[in-house]
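See below for the structure under consideration.
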Amino acid sequence: MRITDARVIVTCPGRNFVTLKLTTEDGVTGLGDATLNGRELAVASYLNDHLLPLLIGRDARRIEDTWHYFYKGAYWRRGPVTMSAIAAIDTALWDIKAKVAGVPLYQLLGGASRDAVLVYAHANGPDLDGAVRAVASSLDLGYKAIRVQCGIPGLSSTYGVPRGLQPYEPAEKGAPSEHRWSSEAYITFIPKLFERLRAEFGDELHLLHDVHHRLTPIEAARVGKSLEPYRLFWMEDPTPAELQEAFRLIRRHTVTPIAVGEVFNSIFDCQQLVQEQLVDYIRATVVHAGGITHLRKIAALAELYQVRTGCHGATDLSPVCMAASLHFGLSVHNFGIQEHMPHTAETDRVFPHEYTFQDGYMHPGEAPGLGVEIDEELAAEYPYDPAWLPVNRTVDGTVHSW
Ligand code: GCO
Ligand code: MG
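Here the sequence shown stands for residues 1 to 402, numbered as in the numbering used here.
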């Protein structure tokens, strides 16, 4: 079953997405997400200029071989651009294989390990009252797990908190905006947020929080310790994970569970954190970590150490990635939770899909393959529109992790 056509579709139905569409000689099509927020065209070029000319004519059934052909064949390894491009090919090939078999993809991944996939919502408030209101609305929608971010007194902008009434969307048109940050202000304020939330909503709700790589290891340890009374489901990205042994220090001081991995691209990024049991959830995703094939290997490594999955699922990961994540999450044994930020109506129209949300859980549906398609005519009405993620500086003007 030869691949006869491979096309990269770049579209901006509210935000930019890069999608790979493969077609076989029998006319079967498969989709893969290749979106890398703020660096979209680098992946499009990597696919168009370097991978797709070698993909045409290959046997679409040889998923594992194709993965290694592009990973080892490039000589240059890893990195978000390379791994997102390989992920897109891999996901599209799994889509094709499942469509040909006439089954939803999760059936090829071992079948369902659970009835549905627990997802967490985002609740963002400009202040404590706003955060409480945002959590209440997510509860009304049926969510059982909610990630809460809140404006910090004294800081004019904070990660996760939208400026107006629109849902949070960090990439902005024009030049990157600059945020100001104070770890001191954050560390003092954040326990007050979760104290209030437990007082308002009780113990049953799962509460999550994203530190977004901003603290030093000892600061992160202090935050984890101060949040212990509020029993978080997880504290995400407490410190940048390039320095993996930093997590030993955090672990020595706190039992607040830790989630890391949305910027990881390969199993080698996860290895030390998993093997030393320095994290509880690994957040690598289909699109940025080499596709279904590679993410299953990461999950298998994590399973040995009782580390569970918690795939990244922000709006900059397309509905194609969301569908793939749900098939993965439904089937993998050590699934933990899946992030869910609903896409805009325009995006959902460009990517009609079978997955559904009900009572805090999602299901990928029973359509053969991924259960998501792309309306190419509609996609063409939304041309690429460059946008950048913000840059962060501490209050004295020093560049800091965003
Ligand atoms: C999350 C993430 C996102 C990222 C975004 C960057 O936990 O959902 O941290 O909000 O910032 O995906 O493009
Ligand atoms: Mg995050």
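Built from N, CA and C at the ideal position, the CB exists for glycine as well.
- Message: For a test of the three-state rule: what should DSSP assign to T398, helix, strand or coil?
- Response: Three-state DSSP puts T398 in coil, outside helix and strand.
- Is the beta carbon of D210 within less than 6 angstroms of some heavy atom of ligand 1? Indeed, a heavy atom of ligand 1 lies less than 6 angstroms from the Cβ.
- If we count Cβ pairs, one from each stretch, closer than 8 angstroms, do we get three or more for the region 17-27 versus the region 88-96? Yes: the two stretches touch, three or more of their Cβ pairs being nearer than 8 angstroms.
- Report whether the distance from the Cβ of E169 to the nearest heavy atom of ligand 2 is below 6 angstroms. The beta carbon of E169 sits no closer than 6 angstroms to any heavy atom of ligand 2.
- Roughly how many whole angstroms lie between the Cα atoms of L54 and A34? Going by the C-alpha atoms only, they are around 17 angstroms apart.
- Cβ pair A185, G160 closer than 7 angstroms: No, the pair does not count as a contact, with Cβ atoms beyond the cut-off.
- Task: Check each candidate in R39, E40, E64 and Y69 and name the one with the smallest Cα separation from L52.
- Result: With distances taken between Cα atoms, L52 lies closest to Y69.
- Task: Look up W76 in the DSSP assignment and say whether it is helix, strand or coil.
- Result: Coil.
- Message: Less than 7 angstroms between C-beta atoms, sequence neighbours within five positions excluded: which residues of the same chain meet that for L439?
- Response: Residue 439 lies beyond the residue range present for the chain, which begins at 1 and ends at 402; the question has no answer from this structure.
- Message: Counting C-beta neighbours from all protein chains within 10 Å, is the total for E373 16 or more, i.e. buried, or is it exposed?
- Response: Classification for E373: buried.
- Task: Using only alpha-carbon positions, find the residue among E381, G369 and M362 that is nearest to T347.
- Result: T347 has its Cα closest to that of E381, out of E381, G369 and M362.
- Query: How many Å lie between L207 and G57 at the Cα?
  - Reply: Taking the straight line from one Cα to the other gives about 49 angstroms.
- Message: Quick check: what's the CA-CA separation for G142 versus H343?
- Response: Taking the straight line joining both Cα atoms gives about 17 angstroms.
- Item | Beta carbon of L31 nearer than 7 angstroms to that of V320 | For L31 and V320, yes; Cβs fall inside 7 angstroms.
- Task: In the DSSP assignment, find the beta strand (DSSP E) that holds A145 and state where it starts and stops.
- Result: Under the DSSP assignment, A145 falls in the beta strand (DSSP E) whose first and last residues are A145 to C150.
- Message: Please return the same chain residues whose Cβ sits closer than 7 angstroms to the Cβ of R169, not counting the five positions on each side in sequence.
- Response: Reading off the sequence shown, one finds Glu at residue 169, where the question assumed Arg. Closer than 7 angstroms at the Cβ level, and outside the excluded window around E169, lie R15 and T315.
- Message: By the DSSP assignment, the alpha helix (DSSP H) with E40 in it spans what residues?
- Response: Run containing E40: E40 to S45, per the alpha helix (DSSP H) assignment.
- Run the CB neighbour count on S266, radius 10 Å, all protein chains shown included, and call it buried at 16 or more, exposed below. With 16 or more Cβ atoms within 10 Å of its Cβ, S266 is classed as buried.
- Task: Give the single residue among A136, V81, L109 and G111 whose Cα lies nearest to the Cα of N37.
- Result: Ranking the options by Cα distance to N37, first place goes to V81.
- Message: Tell me which residues share the same chain as E200 and place their Cβ nearer than 7 angstroms to its Cβ, disregarding the 5 neighbours each side in the sequence.
- Response: Within the same chain, E200 has close Cβ partners V132.
- Query: Beta-carbon separation of D338 and G360 under 7 angstroms?
  - Reply: In the sequence as presented, Asp is not what sits at residue 338; that position holds Gln. Taking 7 angstroms as the Cβ cut-off, Q338 and G360 do not qualify as a contacting pair.
- Task: Would you decide whether G310 is buried or exposed? Buried here means 16 or more other CB atoms lie within 10 Å of its CB.
- Result: Burial call: buried.
- Query: Buried or exposed: which applies to V255, given that a residue is buried once 16 or more other Cβ atoms fall within 10 Å of its Cβ?
  - Reply: Flag for V255 reads exposed.
- Inter-residue Cα distance where the pair is D396 and E178: Roughly 13 angstroms separates the two Cα atoms.
- Item | Residue closest to S137, alpha-carbon to alpha-carbon, out of H122, Q275 and L243 | Looking only at H122, Q275 and L243, the smallest Cα-Cα distance to S137 is reached by H122.
- Message: Let me make sure I understand the geometry here. Which of P217, I292 and W234 has the alpha-carbon closest to that of Q244?
- Response: It is P217 whose Cα lies nearest to the Cα of Q244.
- Within this structure, are the beta carbons of L326 and P386 separated by less than 7 angstroms? Cβ distance not < 7 angstroms, so L326 and P386 don't count as in contact.
- Query: With a Cβ-Cβ cutoff of 7 angstroms, do A324 and Y355 count as a contact?
  - Reply: For A324 and Y355, no; Cβs fall outside 7 angstroms.
- Among R180, L389 and D269, the one whose alpha carbon lies nearest that of V399: That would be R180, whose Cα lies nearest to the Cα of V399.
- Throw me the rounded Cβ distance for the V28 and K99 pair, which I believe falls under 8 angstroms. Contact flag correct, Cβ pair sits at about 5 angstroms.
- Message: Tell me which residues share the same chain as A299 and place their Cβ nearer than 7 angstroms to its Cβ, disregarding the 5 neighbours each side in the sequence.
- Response: Taking C-beta separations shorter than 7 angstroms and ignoring five residues to either side along the sequence, the partners of A299 in its chain run T309, V332 and N334, following chain order.
- Between the C-alpha atoms of S183 and L215, what's the straight-line distance to the nearest angstrom? Going by C-alpha positions, S183 is about 7 angstroms away from L215.
- Message: DSSP has K21 in a bridge; who is on the other side?
- Response: Looking at the DSSP assignment, K21 forms a beta bridge with R7 and L31.
- Task: Helix, strand or coil for I258, going by three-state DSSP, please let me know.
- Result: I258: strand per DSSP, three-state reduction.
- Item | Unbroken stretches of the alpha helix (DSSP H), 4 residues or longer, contained in the region 100-172 | Restricted to the region 100-172, the alpha helix (DSSP H) segments that are unbroken, complete and at least 4 residues in length are 105-108 and 128-140, listed in chain order.
- Starting from the C-beta of E195, find all residues in its chain whose C-beta is less than 7 angstroms away, skip the five residues before and the five after it, and write them out in chain order. Excluding sequence neighbours, E195 sits near Y230.
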